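Residue numbers (our numbering): 19 to 111.
The following block contains the structure:
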C-alpha cells in the first residue's frame, strides 16, 4: 500500500485520504479490516510531522468503534498516542 511502502509524499497523501475516509463508519470498518490500523500506528510513530498529524486524526476517528479500539491497543497505539500527546506539535496533541 502507498501508506506503508510509498515515498514520503505518497504516504502523506494516502494517510490524508485515510483520515478523511474515517469520518464514515463503513469506511472505518473497511480500513481496520485491511490492516490499516497497524499502518496508521506506524505512521503516527515514525512518520513525518504531517503523516503523524493525519494518522493521529484517523486513529481518533477509528477509536469511536469498540473493535477498532481493541485493534489500536493491540497495534501499540496507546504508547504512540501518549507520546504524541506529550511531545507532539499542537496539531498532534
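The C-beta atom is built at its ideal place from N, Cα and C for all residues, glycine as well. All values derive from a computational prediction rather than experimental measurement.
A residue is called buried once 16 or more other Cβ atoms fall within 10 Å of its Cβ, and residue 108, having fewer, is exposed. Between residue 110 and residue 74, the beta carbon gap of about 5 Å places them in contact (Cβ cut-off 8 Å).
The three-state reading of DSSP puts residue 111 in coil, since its state is none of H, G, I, E or B. When the five nearest sequence neighbours on each side are left out, the beta carbons in the same chain lying within less than 7 Å of the beta carbon of residue 69 are those of 29, 30, 33, 61, in order along the chain. Comparing alpha carbon positions, the residue from 50, 23, 26, 40 closest to residue 85 is 50. The Cβ atoms of residue 55 and residue 89 lie closer than 8 Å to each other. Annotation for residue 37: 72, 75, 76 place their beta carbon closer than 6 Å to its own, counting only its chain and skipping 5 residues before and after. Per DSSP, the continuous alpha helix (DSSP H) segment holding residue 105 begins and ends at 95-105.
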